[in-house]
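Below: one structure, written as structure tokens.
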Amino acid sequence: MRKRYLALYRPGGLLDHDRPRLDALLADHALRCCYDDAALLIVADPALPIHAHTTGVILGTFHDRGSATPRIPLSAEEQHAIAVSAGLELARNFWGDYVALLAPDPDHLAIVRAPFGDLGCLHLFDGDLWLIASDAALLRHVSRRNITIDRGAVARSLGRGDLMTAETCLVGVDEVRGGTRHDLARTGTWVLSALWSPWPFARHPVYDPATAHRALREAIRCAVSAAVSGHDPVLVMLSGGLDSSIVTAAVAALPVTAQSITLFPGDAAGDERDYARLVARHCGVALEERTLDAGSVDITASSAASLPRPASRSFFQAVEHGIAAAAASHGARVIVDGGGGDNLFCSHRSVAAVADSLLTADFGKKLWSTAVSLADLAETSVPKVLAHAIRRAWFRPRGVSPPIDTSLLSADAASMARAQLDHPWLTTPSDALPGKAVHIWLLAVAQALVESSYPPEGPLRVSPLMSQPVAEACLRIPSALWFAPGLNRAAARAAFAADLPAETINRRSKALPNHFATTLIERYRAQFRAMLLDGYLAQSGLIDVEAVRVSLDDHAPARSYDFTRLLRLGDVEAWTRHWS
5 MRKRYLALYR PGGLLDHDRP RLDALLADHA LRCCYDDAAL LIVADPALPI HAHTTGVILG
65 TFHDRGSATP RIPLSAEEQH AIAVSAGLEL ARNFWGDYVA LLAPDPDHLA IVRAPFGDLG
125 CLHLFDGDLW LIASDAALLR HVSRRNITID RGAVARSLGR GDLMTAETCL VGVDEVRGGT
185 RHDLARTGTW VLSALWSPWP FARHPVYDPA TAHRALREAI RCAVSAAVSG HDPVLVMLSG
245 GLDSSIVTAA VAALPVTAQS ITLFPGDAAG DERDYARLVA RHCGVALEER TLDAGSVDIT
305 ASSAASLPRP ASRSFFQAVE HGIAAAAASH GARVIVDGGG GDNLFCSHRS VAAVADSLLT
365 ADFGKKLWST AVSLADLAET SVPKVLAHAI RRAWFRPRGV SPPIDTSLLS ADAASMARAQ
425 LDHPWLTTPS DALPGKAVHI WLLAVAQALV ESSYPPEGPL RVSPLMSQPV AEACLRIPSA
485 LWFAPGLNRA AARAAFAADL PAETINRRSK ALPNHFATTL IERYRAQFRA MLLDGYLAQS
545 GLIDVEAVRV SLDDHAPARS YDFTRLLRLG DVEAWTRHWS
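Convert by adding 4 to the 1-based position in the sequence shown; the result is the number in the numbering used here.
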């Protein structure tokens, strides 16, 4: 289970009646008081590391740059530097899964969250008192407000998918995203500051391939080591794809007991068991094979019920069921996966990567090879790639306009979904390279995998690739190094070429669980119909009810786009039931 905490902060000082509000929480959730001063009171899971100092407290685990060993304690000089920088020195000199509550005086509280940290951080102004918590369920337990659904935020979530900001889908509840600071005011307002940005790393590329590959390999091994430290035995989710194979190789190199699991979706197109077996044998890790069970999915229940957004998918209920059973049978204390690898390892087919070579010193060295590689991946001609790259380099904006999906939404919801997105990473500097802008957009989307995905219940899940050291190493790799003839994610392949079978390193195909998702629609069509046509989304005017009805009543074989969108609407509807 994930470690939890809740804090009360009253600008100017807590009152006598504030502390008793947490008595039931202490009893019901096995939390303990870990920090208590004039204006700030914190209760937390006894297993959550607490680092109290003169101007506040750091919750969670943090490491020195380049180290997988938890850092305890901080020197007086480091504490002072963190305090006077309002947390900036934390993001500069450390990495990990931490939330810092810095209160230099009773009238000021700054909240800092680690870049890509999976220790959650939400806040709510409850009348004249700030509540800060690891998850929305704790906020709901303590708040005197009736926390309700934010209709506009739900529409924006349906349009933007996994690209998230501080906005949640609950009225008054905001999230401190990784690498940011929120300064809370006594009026109930807050100010956001970005402490970590991907752009400085993208601006300082490592052009030498051997150096770039070595840095990436070291960063991944460091992040994986930190993730599993103290959690032996380890269960690895091994699909057989490149990303999970890299994580498996990194785990296998550690002095831990490791077991892997692969999940079969039930059709030949999604069957990667042979690839998983190959990697498991090569790495010397035992492999368990399980079949995904559509019967384990309850489409009316949301596994994201305790989260402030509908950030989980009904499809993953079957995945969670399988890995939870495997974790229990093997006594695993942590489950690790390769989540985020595609985004981190720059897996795209945009000509923006070739545009980067046109705009940099790579012009004569990597331009042709990158264009050839991209043409091969996209199954098009090199002249066409070069023509599009020239337009991308000099005749289009350098940044990325995130796509908005308005399918099956009402006109009103579609209008709300198109509202201006305020994500600090997507403000593109004037000297930005287009390929790096695409890479950073992919990274922003992948933030959701670690910062907003996993509820506090269930086995501990970690995605170690989605960590600050790995992200920084990836950002410094030029776009051209991510491509090779017929291959994407080339730098990651090269970094672990000595650790994995050649068949894995050179593999071009990638299985998708389309068959299983289709099975869910076909099996639960009647339930989806009842939920969506007479549920919150319909009654709130967020979906085009007639268009949804037509899609659900179409008994032709489910088309990939239609069923994924219907599944997404079902996930959101199930989440709204918990908060309505």
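Glycine residues also receive a C-beta, built at the ideal position from the N, C-alpha and C atoms.
Cβ-based neighbour list, residue i, same chain, cut-off 7 Å, excluding 5 preceding and 5 following
i: S229; result: A72, L258
i: D297; result: A322, H325
i: P468; result: A227, V228, A231, V251, V340
i: V301; result: S318, Q321, A322, L524
i: P108; result: T59, A87
i: R396; result: V355, A356, A359, P438
Exposure of residue i, with buried meaning 16 or more beta-carbon neighbours within 10 Å
i: Q424; result: exposed
i: N150; result: exposed
i: Q321; result: buried
i: N510; result: exposed
i: P407; result: exposed
i: R185; result: buried
i: H208; result: exposed
i: T431; result: exposed
i: P312; result: buried
i: C125; result: buried
i: C37; result: exposed
i: A34; result: exposed
i: K388; result: exposed
i: P269; result: buried
i: S434; result: exposed
i: P24; result: exposed
i: H352; result: buried
i: A104; result: buried
i: F399; result: exposed
Local conformation of residue i per DSSP, three classes
i: I76; result: coil
i: R402; result: coil
i: V301; result: coil
i: Q531; result: helix
i: G326; result: helix
i: M168; result: coil
i: M420; result: helix
i: L425; result: coil
i: V210; result: coil
i: E292; result: strand
i: D41; result: coil
i: I339; result: strand
i: F500; result: coil
i: D68; result: strand
i: L35; result: coil
i: V355; result: coil
i: R465; result: strand
i: A284; result: helix
i: G163; result: helix
i: L220; result: helix
i: I408; result: coil
i: E276; result: coil
i: N510; result: coil
i: P312; result: coil
i: A257; result: coil
Residues near residue i in its chain [Cβ-Cβ closer than 8 Å; skip 5 each side]
i: L479; result: P202, F205, A206, K440, H443, I444, L447
i: L220; result: V474, A477, C478, I481, A495, A496, A499
i: R14; result: D22, A43, D132, L133, W134
i: A273; result: A515, L516, N518, H519
i: G16; result: A43, P110, D111, R190
i: L537; result: V549, V552, R553, L556
i: I265; result: L239, V240, M241, L242, L291, E292, E293, R294, G326, I327, A330
Sheet register partners of residue i (DSSP bridge)
i: W194; result: L188
i: V61; result: A56, L105
i: A488; result: L491
i: L10; result: V47, A137
i: F205; result: DSSP output for F205 lists no bridge partner at all.
i: E179; result: L126
i: S264; result: V240, L291
i: I547; result: L413
i: L174; result: I153
Beta-carbon proximity list for residue i, same chain, < 6 Å, skipping 5 on both sides
i: G594; result: In the structure as shown, the chain begins at 5 and stops at 584. Residue 594 is therefore absent and cannot be evaluated.
i: L541; result: I547, E577
i: Y279; result: G244
i: A290; result: Q263
i: P314; result: A308, D575, V576, W579
Run through the stretch 91-158 for me and flag every whole alpha helix (DSSP H) of 4 or more residues, listed as ranges in chain order.
92-97, 140-146
Please go through the stretch 358-385 and give each complete alpha helix (DSSP H) segment of 4 or more residues, from N-terminal end onward.
371-382
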